[in-house]
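Chemist:
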Amino acid sequence: MQELSKEIVSRCQNGSATAFAELVKRYERPLFAYIYRLNCTTVEQEPEDVVQEIFLKVYQNIHNFKQFPGACFSAWLFTIARNHCIDLIRKKKTDGHSKGLEDKGMIDLAEPKLANPQKTASQNEAAELVAIAVAELSEPFRSAFILRYYEDMSYAEIAQILQCNEGTVKSRVARAKQMLSKLLDKIRQVG
Amino acid sequence: MEHKNLSCRQVQEYIYGLSQRQLQEEIESSPEYEHIRQCARCREYFERAKSLSEKLEQWSIPTPKRNIAAGVMTQIAQLERDRKIEHFSPWSRLPALFIYRLKVPVGAAAAVFVILTISLFLNITRFSTYQDSKEKIQAKTDQGIAEGIKFAHRIKQEPYPVSIQPGSKGEMCFFGVSPEAAPAPIVVILGVPGVMPIETRPQPVSVNLSNQSL
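So the sequences go chain by chain: S and B.
Each residue of the first sequence is one higher than the one before, counting from -13 in this note's numbering.
Each residue of the second sequence is one higher than the one before, counting from -16 in this note's numbering.
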């Protein structure tokens, strides 16, 4: 992931709204994709709302980001995003929104988000199956896999976000892929 | 199994990376592909990985339903407006002042206040205890006087090295008794001088021995 320049981060820390707008523009899309794929929102909550909440947290805490050599701003930002999402996932579980693989309702839940008239029916179906399978992974595996596979982050960056070592990240990503492969077969059989 | 110096484990480590490559020539030119071609187990593993990669590729992200950046900047502007309003009110700023600027002095003042309060409380308790025990002290004093009278009568009959000073009108003062010879009655009569406040200490008394029954 391309890193935001130190100068923009410094300007943001000094309270520049223009610089923060630049920051939002730079990370809006990857953050939205991460939230969307992590499937941490409920039916009532849109991923757009969650992204906005995360950016507000970033704005309020940007002075806590320490610019030392090797400090990675995107890792810091995604750490905030991940912690926010963990809270949402917990809330979702306690509110009873989380549904198992056997629950047919999960397909309906994912449908409105994935609906795209431009796609073919088979593409939609495959995407839905992947969404369901990824949602079945536990959060550390899900985050490691999404950040590596879709956000193209380095193992070192992911290790910072997940607060573990690079070896753990590598094994989580590999295990996630194996689990996904098995889950997709299982989903196809259930379907 | 080993083909071209690569073990199955080594190949499987890279197999997902390989399965993500788009161009067939790129895949075929890799050192792992030679192994995959010859090893049935790794070939199956590779096919599964390729199938998974294809499915994962199809999971695209929809366009956000609204302009997130605009929403964020509006919320930030609102936040800043609220903050400015807060800054105008001295009362609303007070907690922040306490936290960031007056932390040490306020803490020190609070500590002094607590110490003074505890000290005052203890003094009040001690004072009321002395007040309460005045009657007890008086009772002890009376008992001490009685003991002293007995002692005085005894030493009058026995050859102790004491000097008994006669008071006016035939009274006898106990504090005239030499401490070396008879410290006990003096202690009983005077109480424990080091512990009691001066105002509550029993005063030396003089007793007319002729009026006391033994």
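The beta-carbon is built from N, C-alpha and C at its ideal position, and this holds for glycine as well.
Predicted, not measured: the structure shown is a model, and the values here were computed from it.
Which same chain residues, not among the five before or five after S:Ala61, have their C-beta less than 6 Å away from its C-beta?
Modeler: Along the first sequence, one-based indexing puts residue 61 of chain S at 75. The residues are Glu143, Gln146 and Ile147.
Chemist: Give the straight-line distance between the Cα atoms of S:Ala3 and B:Ile68, rounded to the nearest whole angstrom.
Modeler: Start at 1 with the first residue of the first sequence, and residue 3 of chain S comes out as number 17. Start at 1 with the first residue of the second sequence, and residue 68 of chain B comes out as number 85. Between the C-alpha atoms of S:Ala3 and B:Ile68 there is a straight-line separation of about 18 Å.
Chemist: Taking a Cβ distance cut-off of 9 Å, strictly less, list which residues of the stretch 17 to 35 of chain B are near chain S, in chain order.
Modeler: Within the stretch 17 to 35 of chain B, the residues whose Cβ lies closer than 9 Å to any Cβ of chain S are, in chain order, Arg31, Ala32, Ser34 and Leu35.
Chemist: Taking the CB atoms as reference points, tell me whether S:Lys11 and B:Ala53 lie closer together than 8 Å.
Modeler: On the first sequence, residue 11 of chain S is found 25 positions in, with the first residue counted as 1. On the second sequence, residue 53 of chain B is found 70 positions in, with the first residue counted as 1. Contact: no.
Chemist: If we ignore side chains and look at the alpha-carbon of each, how far apart do S:Val29 and S:Phe6 end up?
Modeler: Position 43 of the first sequence, counted from the first residue, corresponds to residue 29 of chain S. Position 20 of the first sequence, counted from the first residue, corresponds to residue 6 of chain S. Just so you know, the alpha carbons of S:Val29 and S:Phe6 end up roughly 30 Å apart.
Chemist: Where does S:Ser157 fall in DSSP's three states?
Modeler: In the first sequence, counting from the first residue as 1, residue 157 of chain S sits at position 171. Three-state result, S:Ser157: helix.
Chemist: CB-CB under 6 Å to S:Leu133, same chain, minus the five flanking residues each way: which ones, in chain order?
Modeler: Translated into the one-based positions of the first sequence, residue 133 of chain S becomes position 147. Met139 and Ile144, listed in sequence order.
Chemist: Using 8 Å for Cβ pairs, my map puts S:Leu(-10) next to S:Leu9. What's the rounded Cβ distance?
Modeler: For this step, residue -10 of chain S is matched to residue 4 along the first sequence. For this step, residue 9 of chain S is matched to residue 23 along the first sequence. Confirmed, Cβ separation roughly 6 Å.
Chemist: Determine, using beta carbons only, whether S:Gln(-1) and S:Ile48 come nearer to each other than 8 Å.
Modeler: As a position in the first sequence, residue -1 of chain S is number 13, starting the count at 1. As a position in the first sequence, residue 48 of chain S is number 62, starting the count at 1. Contact: yes.
Chemist: According to a CB-to-CB cut-off of less than 7 Å, which residues of the stretch 40 to 65 of chain S neighbour chain B?
Modeler: Phe41, Leu42 and Tyr45
Chemist: Comparing C-alpha positions only, which one of S:Thr27, S:Cys26, S:Lys43 and S:Phe51 sits nearest to S:Ser(-4)?
Modeler: In the first sequence, the residue the question calls residue -4 of chain S occupies position 10. The shortest C-alpha separation from S:Ser(-4) is found at S:Phe51.
Chemist: Could you name the residues of chain B that S:Ser167 contacts, counting a contact when the two beta carbons are closer than 7 Å?
Modeler: Walking along the first sequence from the start, residue 167 of chain S turns up at place 181. Result: Arg31 and Leu35.
Chemist: Where does B:Pro88 sit, in a helix, a strand or coil, going by DSSP?
Modeler: The sequence position of residue 88 of chain B within the second sequence is 105, counting from 1. Note: B:Pro88 maps to helix in three-state DSSP.
Chemist: Within 10 angstroms of the Cβ of B:Glu27, are there 16 or more other Cβ atoms? Answer buried if so, exposed if not.
Modeler: Here residue 27 of chain B corresponds to residue number 44 of the second sequence, with the count starting at 1. Classification for B:Glu27: exposed.
Chemist: On the DSSP letters alone, give me the boundaries of the alpha helix (DSSP H) that S:Asn69 sits inside.
Modeler: If you number the first sequence from 1, residue 69 of chain S lands on position 83. Taken as a continuous stretch (DSSP letters only), the alpha helix (DSSP H) holding S:Asn69 covers Phe59 to Thr80.
Chemist: Where B:Ala165 and B:Glu130 are concerned, what is the direct C-alpha to C-alpha distance, given to the nearest angstrom?
Modeler: Here residue 165 of chain B is taken as the residue at index 182 of the second sequence, counted from 1. Here residue 130 of chain B is taken as the residue at index 147 of the second sequence, counted from 1. Here the model assigns B:Ala165 a pLDDT of 41, short of 50, so the residue's position is not dependable, and the following value carries that caveat. Approximately 12 Å, taken between the alpha carbons.
Chemist: Using a Cβ cut-off of 7 Å, pull out every chain S residue sitting near B:Gly54, in sequence order please.
Modeler: For this step, residue 54 of chain B is matched to residue 71 along the second sequence. Neighbours of B:Gly54 on chain S, chain order: Gln38.
Chemist: Measure from the alpha carbon of S:Ile75 to the alpha carbon of each residue in S:Ser129, S:Phe54, S:Ala113 and S:Val44, then state which is nearest.
Modeler: Within the first sequence, numbered from 1, the residue matching residue 75 of chain S stands at position 89. Ranked by Cα distance from S:Ile75, the options S:Ser129, S:Phe54, S:Ala113 and S:Val44 are led by S:Ser129.
Chemist: Alpha carbon to alpha carbon, how far is B:Gln41 from S:Ala112?
Modeler: On the second sequence, residue 41 of chain B is found 58 positions in, with the first residue counted as 1. On the first sequence, residue 112 of chain S is found 126 positions in, with the first residue counted as 1. The straight-line gap from Cα to Cα measures roughly 7 Å.
Chemist: Residues of chain B with CB closer than 7 Å to the CB of S:Ala5, please, in chain order.
Modeler: Taking the first residue of the first sequence as 1, we reach residue 5 of chain S at position 19. Chain B residues near S:Ala5: none, gap ~12 Å exceeds 7 Å.
Chemist: Count the other CB atoms within 10 Å of the CB of B:Gln126; is the residue buried (16 or more) or exposed (fewer)?
Modeler: The residue labelled residue 126 of chain B in the question sits at position 143 within the second sequence. By the 10 Å Cβ count, B:Gln126 comes out exposed.
Chemist: List, in order along the chain, the chain S residues whose C-beta lies closer than 7 Å to that of B:Leu105?
Modeler: The count along the second sequence starts at 1 and reaches residue 105 of chain B at position 122. The contacting residues do not exist; B:Leu105 stays about 45 Å from chain S at best.
Chemist: I believe S:Val36 touches S:Thr27 by the beta-carbon criterion, under 8 Å. Please report the beta-carbon distance rounded to the nearest angstrom.
Modeler: On the first sequence, position 50 is the one that residue 36 of chain S refers to. On the first sequence, position 41 is the one that residue 27 of chain S refers to. Sure, about 6 Å apart at Cβ, within 8 Å.
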